[in-house]
Every structure is written in structure tokens, then in C-alpha cells.
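Data first, discussion second: the structure below is written as C-alpha cells.
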């Protein structure tokens, strides 16, 4: 019988069928051990069989790995984005023209993967690598039209759905997959001032990606840049 184990929380597992009289089981985890507790009902009390493992077996444990993409500037449409080793993995630059402004997002090979065209009265437009023309950004990033709902839905090239939640001032911006709306796969951490050090240190903004988020890293960066540009435009916080 297989159990899916999270190393960060205690999980109660209800068994679908009895196995040798065992009706329930749960797994308690610690930093250095895993405890599997099996409870068997009797006429007067519940007996407990405790098994302690010194190391979580790979067949039981699922470790969630995350990585960070760090923005060298607090201006997402004019910044280099580096990994935890300091290597530039994305470059975002904006060219300002009289008719319109264009933001080009390049990958680590300096290939343009998307271009955002700014517009004043109409929605911004986007053109992905391989496309022949610009399309409305609203056709890809679709806002929830319900009042006080600050969610934006979009799909990747494989048709899988995602939801940016918290697309509003003061809310944590996090990305979820449509098949798991409880665990974020991307979290945006804005720039923050650390006052507990002398002198005070300002930490750069960063995107924290789970393993699932890393699978769609390009689309994460593109959608984030587009959303932040639109949000700050609506708040009149555009800085050049």
C-alpha cells in the first residue's frame, strides 16, 4: 500500500479498505525521522502500532524543491533576471517610441520569447516567439470579472490552465495550476527593506518557483512582466 507523504505537515490518511483489521493510518514526520502510526480498533480501546524510520524512504517521501529568479531592478519591464548563482537567465528591455512602447523579453540565449506592445486606451498587445502578429493581451491573460476577485487565468502551449491570484495592491501574488488550487507553484516576493541589520539592507524582488513552476518558467516570466506592467499603469506608478 502506497502513502503520499509531505515532509512539511502531518497527514491523515483514511484507508479505503481494511487491511488486517487496520482502519486508519497517519504519518507523522520530523526533520530526521518518519513515524507511521497504524490504529486498530478493539472492544475497549484503540491499539497503536508505531514504526519509526531513521530516514524517509524514497518510495514514501516527496520533497518539494524550489528555486528563485531574482530581478536586478524593481522595474520589471527594464531589468535583468538572474538565477541563484547570479547567471542572467532573462533580459527585459523596453524601447520607447512616439507611436508605442515595446518591451522585449529575452531568454538566456538572448532570443526574444515575447514582445509586449503598450497601448494607452486599448488593452496592451503581445506577440510570442513564432507568431506573425500582435494579439490583445486580454485574449491570453483573462481577468476574473467578479467584484473583488483579483485573479487572472491563462493557458500554456499545452492547454494546461493556470491562475495568478492576488493581482492587486497589498495582496500576495501567487500562481496556481488549475488542477491544484491549494499549493502555489510560483510566489512573487516584492523588494523589502530589512531593518534588523546595520546598515539596513534592501532585498531585491524575486520569483520563487516550485518544481512544477520551473516546467513553465518562460510563461511564468512573460505573464508576470505583463501583469506587473498593467497593474502599475493602473496605479500610475510607471517609472522610466
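In the working numbering, the protein residues as written are 99 to 338.
Where a beta carbon is used, it is the ideal one built from N, C-alpha and C, also for glycine.
- Item | Residue nearest to residue 323 in terms of C-alpha spacing, selected from 171, 165, 163, 164 | One-based indexing of the chain shown puts residue 323 at position 225. When only C-alpha atoms are compared, the closest one is 171.
- Can you find at least 3 beta carbon pairs, one from the segment 301-309 and one from the segment 166-180, that sit closer than 8 Å? Three or more beta-carbon pairs separated by less than 8 Å link the segment 301-309 to the segment 166-180, which places the two stretches in contact.
- Task: Please work out which residues of its chain come closer than 7 Å, Cβ to Cβ, to residue 236, disregarding the five sequence neighbours upstream and downstream, and give them in chain order.
- Result: Counting from one through the chain shown, the residue named residue 236 turns up at place 138. Excluding sequence neighbours, residue 236 sits near 221.
- Task: Going by CA-CA distance only, name the one from 251, 189, 227, 194 that's closest to residue 272.
- Result: Walking along the chain shown from the start, residue 272 turns up at place 174. Out of 251, 189, 227, 194, 251 has the C-alpha closest to the C-alpha of residue 272.
- Query: Comparing alpha-carbon positions, which option in 164, 165, 175, 163 lies nearest residue 328?
  - Reply: Sequence index remark: in the chain shown, residue 328 carries index 230 (1-based). The candidate whose alpha carbon is nearest that of residue 328 is 175.
- Spatial distance of residue 186 from residue 178 (CA atoms): The count along the chain shown starts at 1 and reaches residue 186 at position 88. The count along the chain shown starts at 1 and reaches residue 178 at position 80. Each residue's CA atom was taken as its position, placing residue 186 and residue 178 some 6 Å apart.
- Please classify residue 140: does DSSP put it in a helix, a strand, or coil? Here residue 140 refers to the residue found at position 42 when the chain shown is read from its first residue. Below a pLDDT of 50, predicted positions are generally treated as unreliable, and residue 140, at 43, falls in that range; the measurement from the model is reported next regardless. Three-state DSSP puts residue 140 in coil, outside helix and strand.
- Count the other CB atoms, across all protein chains shown, that sit within 10 Å of the CB of residue 183; report buried if there are 16 or more and exposed otherwise. As a first step, residue 183 must be located in the chain shown, where it is residue number 85. Answer is exposed; the Cβ neighbour count stays below 16.
- residue 226 (DSSP reduced to helix, strand or coil): Indexing the chain shown from 1 puts residue 226 at position 128. Assignment of residue 226 by DSSP, reduced to helix, strand and coil, places it in the strand class.
- Message: Between the alpha carbons of residue 212 and residue 297, how many angstroms are there, rounded?
- Response: Here residue 212 refers to the residue found at position 114 when the chain shown is read from its first residue. Here residue 297 refers to the residue found at position 199 when the chain shown is read from its first residue. The C-alpha of residue 212 lies about 39 Å from the C-alpha of residue 297.
- Is residue 317 buried or exposed, if buried means 16 or more other CB atoms sit within 10 Å of its CB? Taking the first residue of the chain shown as position 1, residue 317 is located at position 219. Buried is the call here.
- Return helix, strand or coil for residue 325, following the three-state DSSP convention. Counting from one through the chain shown, the residue named residue 325 turns up at place 227. In the structure shown, residue 325 adopts helical secondary structure according to DSSP, grouped into three states.
- Task: In angstroms with no decimal places, state the Cα-to-Cα distance between residue 249 and residue 295.
- Result: If you number the chain shown from 1, residue 249 lands on position 151. If you number the chain shown from 1, residue 295 lands on position 197. C-alpha separation (whole angstroms): 36 Å.
- Excluding sequence positions up to five away, which residues of its chain have a Cβ less than 8 Å from the Cβ of residue 209? Translated into positions along the chain shown, residue 209 becomes position 111. Only 227 meet the Cβ criterion.
- Query: Cα-Cα, which of 268, 287, 258 is closest to residue 276?
  - Reply: Locating residue 276 in the chain shown gives position 178, counting from the first residue. Comparing Cα positions, the closest option is 258.
- Message: Mapping the DSSP letters down to three states, classify residue 217 as helix, strand or coil.
- Response: Counting from 1 along the chain shown, the entry for residue 217 is found at position 119. Coil, per DSSP.
- Rounded C-alpha distance that separates residue 116 from residue 306: Numbered from its first residue, the chain shown carries residue 116 at position 18. Numbered from its first residue, the chain shown carries residue 306 at position 208. Residue confidence is low: residue 116 scores 37 on pLDDT, short of 50, so the model does not pin down where it sits. Its coordinate-derived value is still stated next. Roughly 41 Å separates the two Cα atoms.
- Query: Looking at C-alpha atoms only, which residue of 204, 293, 198 is the closest neighbour of residue 189?
  - Reply: Working through the chain shown from its first residue, we reach residue 189 at position 91. Among 204, 293, 198, the Cα nearest to that of residue 189 is on 204.
- Query: Does the distance from the C-beta atom of residue 333 to that of residue 267 stay below 8 Å?
  - Reply: In the chain shown, the residue the question calls residue 333 occupies position 235. In the chain shown, the residue the question calls residue 267 occupies position 169. Taking 8 Å as the Cβ cut-off, residue 333 and residue 267 qualify as a contacting pair.
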